[in-house]
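Visitor: I have a structure I would like to understand better, so I am pasting it below and will then ask my questions one at a time.
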Amino acid sequence: MTGQIYIIRAARLFWKNQTPVMRGIVLMCLSTVAFSVMHGLVSFVSEVLPPFQIAFFRNIFGLAFLLPILIRSRFLILRTKNIGLHVLRGLINLAVMLMFFTALSITPLAKVTALSFTAPIFMAVLAVLVLGERFRIYRWGAIFSGFIGMLIILRPGLIAIDKGALLVTAGAALWAVAMIIIKIQSRTESSVTIVAYMGIFLGVFSIIPAYFVWQPFGLQTMGLLVLIGLSGTIAQIAISQSLKEADPTAIMPFDFLKLIWTTMIGAWFFSEVPDIFTWIGATVIFSSGFFIAMRERRTSISAASGDNKS
-8 MTGQIYIIRA
2 ARLFWKNQTP
12 VMRGIVLMCL
22 STVAFSVMHG
32 LVSFVSEVLP
42 PFQIAFFRNI
52 FGLAFLLPIL
62 IRSRFLILRT
72 KNIGLHVLRG
82 LINLAVMLMF
92 FTALSITPLA
102 KVTALSFTAP
112 IFMAVLAVLV
122 LGERFRIYRW
132 GAIFSGFIGM
142 LIILRPGLIA
152 IDKGALLVTA
162 GAALWAVAMI
172 IIKIQSRTES
182 SVTIVAYMGI
192 FLGVFSIIPA
202 YFVWQPFGLQ
212 TMGLLVLIGL
222 SGTIAQIAIS
232 QSLKEADPTA
242 IMPFDFLKLI
252 WTTMIGAWFF
262 SEVPDIFTWI
272 GATVIFSSGF
282 FIAMRERRTS
292 ISAASGDNKS
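To convert, note that position 189 of the sequence shown is 180 in the numbering used here; the numbers rise steadily by one, no gaps.
Set out below in C-alpha cells:
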C-alpha cells in the first residue's frame, strides 16, 4: 500500500511539474485515443444494435457519470437564465450524435473522421453570419480550401456519394451550430451548467428514438456499451481540460491523431483501408481549420494589445 501511495504522489508531482502546454498536449492526445476507441466500439456494436439504441446508452452512461457532480453541488449548477437555448442545443446535439453514429455503422472509420474535421470550417461561416464577426479575406480563403478538401474526399460526379458521408457532413454542420449556441450561452452561463444540461437533455431526448428501434442484447454487448460511455466521457473530460491548460492553437494539431488511430482500428478490426483521397482531403480540411484558429488568435491578441494601449 505504501508503495502504491508513493507512486501516485510521484506521478502527481511529475504531472504538476510539466508546463501547461505539455499537459494540454498529453490530454489532447488522450482524447484522440478515447474518441477513436469509442468510434471503433460504435462501429462494432452497430452490427448487433441500431445506432439510435447505441446513442441512448452512450447518453445514459454519460449522465450517470455526471450525476455525482450534480448531487455534490446540490443541483445548484442547474440554475440557468435561458432554458430554451439548452433545450435547442440538446436537440441539435442529439441529431448530430444520431447522424454520426449512423454514419459509423455504414461508412469506414477513417472517412467519417476525416469529414468530421469540417466542423470548424462550418463554424467560421456561422460566426460571420450569426454572430456578426468581421469579414476577413484570409478566413474565407481558408473556408474555401476546407470545402475543396471535402470535395476531394467526396468526389461528387466521379464516385457515388454514400449516405454515411452525407450524414457526417450534415452532422458537422449541425455541430458548428451547437458551438455557436455555446458561444452565446457562455455570455451568461458557466461551462459546468452548459455541460450539465447537455448531459440531461441528451439522456432524455434519446429515449424516444431508441424506443422505436429497440433490440434485445446480451451481457457482452452491455459491457461494450459501458465502454462506449466510459471512453466517450474520458474523451470529453480530457479535451475540456486540455483547452483549460493550453491555447487551442497549441494543441489543435494533435487532434489530427484521430485520423491515425481510426485508420489503425479500421484496418485491424474491420479490414478498412482509406484511399489516398481521404488522406489528402483530410489534410487540406484540417490545415484550413487550424489556419483559421491560428489567425483568429493573432487577431484577438492584437485587439487586446490595442485596448491596453488606449
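Just so it is clear, CB atoms sit at the ideal spot from N, CA and C, and this is done for glycine as well.
In this structure, how does DSSP classify N84 when only helix, strand and coil are distinguished?
Guide: Counting from 1 along the sequence shown, the entry for residue 84 is found at position 93. For N84, the secondary structure class from DSSP, reduced to helix, strand or coil, is helix.
Visitor: Using a Cβ-Cβ cutoff of less than 7 Å, which residues in the same chain neighbour A156 once the five nearest sequence positions on both sides are dropped?
Guide: Stepping through the sequence shown from its first residue, residue 156 is reached at position 165. The residues are T98, K102, L106 and L145.
Visitor: So, with DSSP's three-state summary, where would you put T10?
Guide: Locating residue 10 in the sequence shown gives position 19, where the first residue counts as 1. Coil, per DSSP.
Visitor: With respect to the alpha helix (DSSP H) encompassing N50, which residues constitute its N-terminal and C-terminal limits?
Guide: Indexing the sequence shown from 1 puts residue 50 at position 59. P42 to R63 is the extent of the alpha helix (DSSP H) around N50.
Visitor: Between V204, I(-4) and A229, which has its C-alpha nearest C20's C-alpha?
Guide: If you number the sequence shown from 1, residue 20 lands on position 29. Per the Cα distances, A229.
Visitor: Is K174 buried or exposed, if buried means 16 or more other CB atoms sit within 10 Å of its CB?
Guide: Mapped onto the sequence shown, residue 174 falls at position 183. It counts as exposed.
Visitor: If you measure between the beta carbons of G53 and G257, is that distance less than 9 Å?
Guide: One-based indexing of the sequence shown puts residue 53 at position 62. One-based indexing of the sequence shown puts residue 257 at position 266. It is not a contact, given that the beta carbons lie outside the stated cut-off.
Visitor: How would you write the range of the alpha helix (DSSP H) that V264 sits in, first residue to last?
Guide: Within the sequence shown, residue 264 is the residue found at index 273, counting from 1. Premise fails: V264 is in no alpha helix (DSSP H) and is neither H nor E.
Visitor: Under the three-state reduction of DSSP, which class applies to S301: helix, strand or coil?
Guide: Along the sequence shown, one-based indexing puts residue 301 at 310. Bear in mind that the predicted position of S301 carries a pLDDT of just 44, short of 50, making it too unreliable to give a figure here.
Visitor: Assuming I283 and F108 are in contact, meaning their beta carbons sit under 8 Å apart, how far apart are those beta carbons, in whole angstroms?
Guide: Within the sequence shown, residue 283 is the residue found at index 292, counting from 1. Within the sequence shown, residue 108 is the residue found at index 117, counting from 1. The Cβ separation is near 12 Å, so there is no contact.
Visitor: Can you confirm whether the region 109 to 122 touches the region 183 to 196 when touching is taken to mean that 3 or more C-beta pairs between the two stretches lie within less than 8 Å?
Guide: Result no; under three Cβ-Cβ pairs closer than 8 Å.
Visitor: Which residue's Cα is closest to the Cα of Q44: Q176, W205 and T179?
Guide: Position 53 of the sequence shown holds residue 44. When each option's Cα is compared against that of Q44, the closest is W205.
Visitor: Find out if the Cβ-Cβ distance for the pair P42, V33 is shorter than 9 Å.
Guide: Here residue 42 refers to the residue found at position 51 of the sequence shown. Here residue 33 refers to the residue found at position 42 of the sequence shown. Closer than 9 Å, so yes.
Visitor: Would you identify the three-state DSSP class for E236, choosing helix, strand or coil?
Guide: Residue 236 sits at position 245 when you count from the first residue of the sequence shown. DSSP, reduced to helix, strand and coil, places E236 within a helical segment of the structure shown.
Visitor: What residue does the alpha helix (DSSP H) around S107 start on, and which one ends it?
Guide: Locating residue 107 in the sequence shown gives position 116, counting from the first residue. Per DSSP, S107 belongs to the alpha helix (DSSP H) from L100 to S107.
Visitor: Would you call F92 buried or exposed, if buried means 16 or more other Cβ atoms sit within 10 Å of its Cβ?
Guide: Your numbering for residue 92 matches position 101 in the sequence shown. Buried, since its Cβ has 16 or more Cβ neighbours within 10 Å.
Visitor: Considering S136, what are the terminal residues of the alpha helix (DSSP H) in which it resides?
Guide: Counting from 1 along the sequence shown, the entry for residue 136 is found at position 145. Here the alpha helix (DSSP H) through S136 covers I128 to L145.
Visitor: Which class does V33 belong to by DSSP, given the choice of helix, strand or coil?
Guide: By 1-based counting over the sequence shown, the position of residue 33 is 42. It is helical.
Visitor: Let's test the definition: count the other Cβ atoms within 10 Å of the Cβ of M213 and tell me whether it reaches 16, buried, or not, exposed.
Guide: In the sequence shown, residue 213 corresponds to position 222, counting from 1. So M213 counts as exposed.
Visitor: Helix, strand or coil for G190, going by three-state DSSP, please let me know.
Guide: Numbered from its first residue, the sequence shown carries residue 190 at position 199. Residue state, collapsed to three classes: helix.
Visitor: For the alpha helix (DSSP H) containing A176, list its first residue and its last residue.
Guide: Residue mapping note: residue 176 aligns to position 185 of the sequence shown, counting from 1. For the record, residue 176 in the displayed sequence is Gln; it is not Ala. K154 to Q176 is the extent of the alpha helix (DSSP H) around Q176.
Visitor: Counting only beta-carbon atoms, is E236 nearer than 9 Å to chain B?
Guide: Here there is only one protein chain, and chain B is not present.
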